[in-house]
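Beneath this line is the structure, given in structure tokens, with notes to follow.
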Amino acid sequence: MTKQFSSVWTRPPRQPRSSGLGREQIVAAATELLDADGLEALSMRKLGAKLGAGATSLYWYVANKNELLELVMDGMWGRVRLPEDETSWREVAGTFAYRLRDTLLEHPWAAELLGRLPSLGPNSFRIGDRLRRAFVQAGFEGNDVYLATSTVMSYVLGTVLPEITYRKTLGAMEFDRDTMLATLEQVAADYPEMIADYRETVRSGDHDTMRALAFDFGLVCTLDGLAARVPAARNAATKT
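Heads up, the sequence shown is in full-length UniProt numbering, so the first residue is 1 and it goes up one at a time.
Right, dumping it as structure tokens:
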């Protein structure tokens with residue numbers, strides 16, 4: 001059984017009606033609602049009310065909520081700006097990772113949409129093409145070019161999603177460090193070395209700083225691993 005594929009990007013945007021309402025206004029208003037209330041709370045009715053228009057008027061521009069979310073998601077990709085040519089592949093990939101992380105932490109609902117909807121908008125293709133050129137420049141070939149992009153993307157999502165969940169659960173609050181350490185010493189008394197390591201880590205900085213340092217470390221390891229798989233590097237290693 002197959003599902004009919006459709007996308008808002010398969011047809012040209014409709015011209016605004018006499019009200020002056022257009023795609024840019026709709027995307028901006030939808031983004032504000034998503035930032036305020038999250039993905040599940042968004043509805044065409046609420047969006048229409050925010051824009052001072054009926055929900056039915058929005059269907060002139062999008063066929064359904066999924067098409068609206070496609071537009072919004074491409075707007076998010078538009079925030080991920082990458083350096084142009086004459087830049088090393090590591091700088092391009094690293095910039096992509098940092099800016100994607102920043103965008104998803106600022107707009108956590110966007111992380112839920114990745115993989116849920118097709119990314120066929122102009123900003124998505126702009127990023128994909130820039131990463132493709134960067135990895136080709138590095139020496140990757142064939143499908144490995146896209147696997148390299150997927151690896152960096154997977155690393156970002158793998159670190160950001162737990163952080164989003166943590167922030168959503170606690171809000172502006174944080175666990176009291178002394179209480180956490182006391183609890184750890186109680187339940188993990190058989191592992192004193194781990195407790196000592198954790199104590200040092202907790203006291204070395206606040207939560208956001210520790211998360212950022214962990215992201216830096218993992219990203220460098222990821223890029224080092226990709227560098228080791230570049231065909232030219234592998235060939236040189238076999239000759240020594």
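The beta-carbon is built from N, C-alpha and C at its ideal position, and this holds for glycine as well.
Since this is a predicted model, take the numbers as computed values, not measurements.
For residue 86, the closest alpha carbon among the candidates 208, 59, 133 is that of 133. Taken in chain order, the complete alpha helix (DSSP H) segments of 4 residues or longer contained in the segment 118-188 are 122-138, 144-170, 177-187.
Counting C-beta pairs with one atom in each stretch, the segment 216-226 and the segment 148-167 have three or more that are closer than 8 Å, which means they touch. Residue 114 sits in a strand when the DSSP states are folded into three classes.
Residue 5 carries a coil assignment under DSSP once its states are collapsed to helix, strand and coil. Residue ranges of uninterrupted alpha helix (DSSP H) with 4 or more members, entirely inside the segment 36-88 and ordered along the chain, are 44-51, 55-58, 65-77. Judged by DSSP in its simplified three-state form, residue 220 adopts helix.
In this structure, the alpha-carbon of residue 124 lies about 44 Å from that of residue 184.
Cα atoms of residue 10 and residue 67: separation of roughly 11 Å, rounded to the nearest angstrom. Distance between residue 72 and residue 30, taken at the CA atoms: about 7 Å. For residue 5, the closest of 120, 81, 202 by C-alpha to C-alpha distance is 120. When 91, 88, 32 are compared, the shortest CA-CA separation from residue 69 is found for 32.
Nearest in C-alpha terms to residue 36, of all of 153, 106, 58, 223, is 106.
Taking residue 97 as the centre and dropping the five residues before and after it, the same chain places the C-beta of 152, 156, 219 closer than 6 Å to its C-beta, in chain order.
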